[in-house]
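Just so you know, the sequences run in chain order A and L. Just so you know, the numbering used here puts 250 at position 250 of the first sequence, and the rest follows in order with no gaps. Just so you know, the numbering used here puts 1103 at position 103 of the second sequence, and the rest follows in order with no gaps. We put the beta carbon where it would ideally sit given N, CA and C, even for glycine.
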Amino acid sequence: MEDDAPVIYGLEFQARALTPQTAETDAIRFLIGTQSLKYDNQIHIIDFDDENNIINKNVLIHQVGEIWHISASPADKGVLATCYNKTSDSKVMTCAAVWRMPKELESGSHESPDDSSSNTQTLELLCHLDNTAHGNMACVIWEPMGDGKKLISLADNHLLLWDLQESSSNAVLSSSAALEGKGQLKFTSGRWSPHHNCTQVATANDTAIRGWDTRSMRQIYCIESAHGQLVRDLDFNPNKQYYLASCGDDCKVKFWDTRNVSEPVKTLEEHSHWVWNVRYNHSHDQLVLSGSSDSRVILSNMVSISSEPFGHLVDDDELSDQEDHHQEKTKEPLQDSIIATYEEHEDSVYAVEWSSADPWLFASLSYDGRLVINRVPRALKYHILL
Amino acid sequence: MAAPLGEPGSEAPGGKRRPHGMLKLYYGLSDPAVEACGGLAPGGDPGGPTDINGAHFDPEMFLTKLRKECPLAQLMDCETDMVKQIRALDSDMQTLVYENYNKFISATDTIRKMKNDFKKMEDEMDCLAANMAVITDFSARISSTLQDQHEQITKLSGVHTLLRKLQFLFELPARLTKCVELEAYGQAVRYYSKARSILHQYQHMPSFQGIQDDCQKIMADLAQKLREKFRDGGSGAKDLAECVELLLQLDEPAEELCDEFLSHARCRLEAELQALEAELGQPGGAPMTDILEFTDRGCNIFVSNMCLVIASYQELFVSREGAQGITRMAQDKLVAFVNCLMETYFSLVERRIQLEKGVGDNSLLVRALDRFHRRLQALAKLLPASNVAAEGTEIVVRAAKERIHQYLLALQSFYQDCLTDVRQSLAAPRLAGKESPNLAELLGTISASVLNQIKSVLTYVHLFTAKDITFSNKPYFKGEFCSQGVREGLIVGFIKSMCQTAQQFCETTGDKGGSTPPTLLLLLSRLCLDYETSTISYILTLTDEQFLVQDHSPITPVTSLCAEARETAQKLLNHYVKVQGLIISQMLRKSVETRDWVNTIEPRNVRAVMKRVVEDTTSIDVQVGLLYEEGIRKAQSSDSSKRTFSVYSSSRQQSRYAPSYTPSAPLDTNLLSNIQKLFSERIDIFSPVEFNKVSVLTGIIKISLKTFLECVRLRTFGRYGLQQIQVDCYYLQLYLWRFVCDENLVHFLLDEIVASTAHRCLDPVPMEQSVIEVICERG
């Protein structure tokens, strides 16, 4: 059972922003936003043909500026939000907008264009998230599993909740909260929890992680000095409602139980530089990805704190008694381990994402514009499934 | 006859023997010699009719045979021979007759004389018999006359004895009273015991009954008195013994006496124990006397009294003659008594030992324990049945264990104090604004003082195993104490805790730089390394020498301890690098994040923060240099400081790296290929460092520059922003290359920074190299 070799795709520009096309559950599709100050920035739509190991791409022009963050609507395949730098009058401002891609690109390209540069298409602007009063936008997050009408954006020290109205052509600020404190506080990243009826959001600023209730826009918990240095990213366990992973400049990935924030549940210290990204697998939450500026991507198997600490449990109804007996024997707690370290990148990795369609596939993006698509090793996949 | 056929020379002996032969023949005895002669006769027919010597000799046949067989000459010879023999035989016969005739005559005379003598003797014997009969008759008559008188005398004497006994009995009460008055109790008891059985036998007679009653009353009084005396206890041991003996003779129950004796002793001993307890002082307060005095008192008063009690008790109840019946019971009682009291004593001693908290010299304690133990030996010898000795040893062992534990704690707190001192002395010069050049000195001080402390503790502990200490030859002190106690518990335990303490500095301060001054980390790292290289093996050798370990329980090998120390040293040094790197990183990060790089002015100077970075790096270099060796660096090019940046140098134009790239972005691809090439050697930023100065500095600089790079990539720059970064980087290059092991590393990271800046620049117009050089040389 040899594992497939990683598939590498190179972009012309440097890039930081990567997202799976969240609403798409059949095709493996990623969106990448580029960073270039001198040329028109692009959004690459990467289609991965799993059977033939072939990448098809489509390029959309994103003229307003270089993309710092990108996120796709969970409801509408064609809708996405970007945070971008706008330079005007020697002032750099980070803004956010919601876009719609051309209809024919929504579900992948029927025929691959001969060369991307020749027939690039443009995005259709749906609305701006007006941030003139709030400062630079760090990121935009969609309400998970929602109808694609609710957004949260982080702007400097403000947490803004938006409602998209009139088929997303108008964004209304429904509520906001501001982080008050000494010095210049600035949110670096945030995630919307898929649990609790989508009423919780977690944000990171400096070394702290804060939880917010979107109904009251009040802080519900705070992990002070969650990391020794800046917290770069966080993610919610998709199956365990109180579990949260975070990473930061202290080279660590930490796992938290938000009910008891005095100590992390678990700490990984495998990277040799800042960890920029951490992601739980959407289906099998023992699989955790992390990307770092040591240009490595690490896939860890955190079985002990996952929702399946004894391996995959088959539903009782589907089992005959004999199988049931067999199942019991294998119910030993499994060991946490590093599954693989991927070293295909040669520059800092700023983004890693699982595919929304195939739970065994993920993409990572490094600053030099290299996108690498990898799979979970087969042996492990079968071990988890069987 | 043997001679008929010659050998005339042998005739004489043969003739001499012949008469005896004939006699023998007569008496039926065979003469072998004769028979042999006969056998050789010419006839060759011994016993036959031709044998001239034989019994069946037939002269006719002999003659006929002779005549028939022999020639004339031989016949003539035979005839002469025969005549000669006949003559000889005749003379022989005559001699024999003469000889025996005389003997017959003398024998007849003797027999006649004997006959006369016997007749005389017979007469005298008759006379004797008559006389004896007369004597017997007389004797019988005398006896019969004396018989009556003798019987009377015997009877009288019997009556006399009886009367005397009776008199004794009648006088007994009076005597006893007198004896009691005179306090001659022994006498009284003797009298009474003599009379007791008789009185008992005849108690049905009223008079005896009275006497018995009187006696019993007196004796009861006596017993009462004796008991009082016994209970009083003021009298000496001898008196007491006498008392007990008398009481026992009086059939007083032995068990009760034992109990009484023991309870009496208990009173006294308990009073002594209370006095001892009083010396313990108030709970929580300090004891009133030192431990040696305490044990001395315990030994001299309590234990020696205990010994006395045991000895006298044993004399009284256990080893007394005729006391076999009670021995067992008495012995059991004694053991229970001793065990009970000793338990109290032991608990007091243990309480006192526990009060002994001082961790200095423990010779006093050891001497006290020795004395305690020694005195118990005496007691145990007196009473082998009790487990006093074993328990005593247990207490000593516990005290020793406790002591080791206290020393371990003391060592640990000493180590902590040392660390606090070091911290203070590290902080002090900084407050005064001076550098702290005395790192090596501090290291020497802490190392030496810890080592000294260990040595002195070893000396203290060694006292436990000194030859003149009685318990030092117990198996525990020979084996387990040395190996598990001192070596493992104390020394190994201390070294391990030292490492752990040091490692804690790495963990607790992981957040926000922390409270531990980095210098301390560096110092501790060096200390641990020194331990790894020499100190640990030195200390352990010293320990093994002082405590010749005979125990074969598993012990921690030197290598594993060394490995632990090395690991600690490594962790500390890594952490030092991390902390120092972080401090510089933070400066760089703040400087990049807080500035508006788009609207900055044209650079005229190197920014102050860069100077600060170089200054700090230099001072770190000095600091590390005090403790660690230089280390190896790669060969340096002579013009290290003169190197120009290669951001836009045309020599680096290369073919594109991926065919799918659009040709519209030449700069980007160029950069990408450069990065691609340069990254072929991956750099681990937070990687373990080696134990030398260059490696440490390289680690710090790597961390700082990587941070710089990542921060730059998050910003957008204007033209002058880029130029400022160029200036700053050139300045850093001028000064930082000398600290690292491979200057290419610095160059590479700085190139990356400038390249990234250029990429993030809205208006990338680089500054002239010459201008940069001028600015840097000026600043």
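_Residues in the same chain with beta-carbon distance under 6 Å from residue 1344/L, minus the five sequence neighbours each way, listed in chain order, please._
1273
*Top-ranked residue by Cα proximity to residue 1342/L, from 1365/L, 1388/L, 1353/L, 1314/L*: 1388/L
*Go through its chain and collect everything with a Cβ distance to residue 1760/L's Cβ below 8 Å, but skip five positions before and after it.*
1712, 1713, 1715, 1716, 1717
*asked:* Measuring only the C-alpha atoms, how far is residue 376/A from residue 1731/L?
replied: 46 Å
*asked:* Whole angstroms are fine: how far does the CA of residue 78/A sit from the CA of residue 52/A?
replied: 25 Å
*Would residue 69/A be called buried (16 or more neighbouring beta carbons within 10 Å of its own) or exposed?*
buried
*chain L partners of residue 87/A, CB-CB under 8 Å?*
1598, 1716, 1762
*Give the interface partners of residue 274/A over in chain L, defined as CB-CB distance under 9 Å, in chain order.*
1685, 1706, 1707, 1710
_Identity of the residue in 36/A, 367/A, 360/A nearest residue 383/A by Cα_ = 360/A
*asked:* Quick check on residue 271/A: does DSSP put it in helix, strand or coil?
replied: coil
*asked:* Per DSSP, what are the beta-bridge partners of residue 84/A in this structure?
replied: 67/A, 95/A
*Using the beta-carbon count (16 or more within 10 Å), is residue 1498/L buried or exposed?*
buried
*Fully enclosed by the segment 1225 to 1262 of chain L, which alpha helix (DSSP H) runs are 4 residues long or longer?*
1237 to 1249
*Quick one: what's residue 20/A bridged to in DSSP?*
30/A
_Proximal chain L residues relative to residue 219/A, where beta-carbon distance stays under 8 Å_ = Going along chain L, no residue has its Cβ under 8 Å from residue 219/A, so there is no contact; the nearest lies around 21 Å.
*With a cut-off of 9 Å, does the C-beta of residue 1408/L fall near any C-beta of chain A?*
no
*Residue burial classification, residue 368/A (beta-carbon count within 10 angstroms, cutoff 16)*: buried
_Residue nearest to residue 1589/L in terms of C-alpha spacing, selected from 1166/L, 1753/L, 1170/L_ = 1753/L
*Taking the continuous alpha helix (DSSP H) assigned at residue 1380/L, which residues delimit it?*
1363 to 1382
_Near-chain A residues of the segment 1265 to 1276 of chain L (beta-carbon distance less than 7 Å), N- to C-terminal order_ = none
*Closest to residue 1190/L by CA distance: which of 1200/L, 1524/L, 1175/L, 1142/L is it?*
1175/L
_When you compare the CB positions of residue 1301/L and residue 1276/L, do they come within less than 9 Å of one another, or not?_
yes
*Any chance the segment 118 to 137 of chain A sits against the segment 157 to 176 of chain A, with 3 or more Cβ pairs inside 8 Å?*
yes
*Can you name, in chain order, every residue of its own chain whose Cβ lies under 8 Å from the Cβ of residue 1599/L, other than the five neighbours on each side?*
1718
_Which of helix, strand or coil DSSP assigns to residue 1404/L_ = helix
*Please list the partners that residue 92/A has in chain L, where partner means a Cβ-to-Cβ separation under 8 Å.*
1598, 1716
_Taking 9 Å as the threshold (beta carbon to beta carbon), is residue 1759/L in contact with chain A?_
yes
*What is the rounded straight-line gap between the Cα of residue 1637/L and the Cα of residue 348/A?*
In this predicted model, residue 1637/L has a pLDDT of only 47, less than 50, meaning its place in the structure is not dependable enough to derive any value.
*asked:* For chain L, check one thing: does any of its Cβ atoms lie closer than 9 Å to the Cβ of residue 348/A?
replied: yes
*Would you say the segment 205 to 212 of chain A touches the segment 220 to 228 of chain A, given that touching needs at least three Cβ pairs under 8 Å?*
yes
*Could you tell me which uninterrupted alpha helix (DSSP H) segments, each at least 4 residues in length, are contained entirely in the segment 116 to 194 of chain A, listed from first to last along the chain?*
none
_is_contact[residue 113/A, chain L] using C-beta, thresh 9 Å_ = Low confidence applies to residue 113/A: its pLDDT is 48, below 50, so where it sits in the model is not reliable, and the reading given next is rough at best. No - not a single Cβ of chain L is within 9 Å of the one on residue 113/A.
*In this structure, does DSSP put residue 1039/L in helix, strand or coil?*
Confidence at residue 1039/L is low in this model, with a pLDDT of 39, below 50, so its placement is unreliable and the value that follows should be read with caution. DSSP places residue 1039/L in helix when its eight states are reduced to three.
*Looking only at its own chain, which residues have a Cβ that is under 6 Å from the Cβ of residue 267/A, when we skip the five neighbours before and after it?*
252, 254
*What separation, rounded to the nearest whole angstrom, lies between the Cα atoms of residue 1773/L and residue 344/A?*
38 Å
_Let me see if you follow: with CB-CB separation under 9 Å, is residue 37/A close to chain L or not?_
yes
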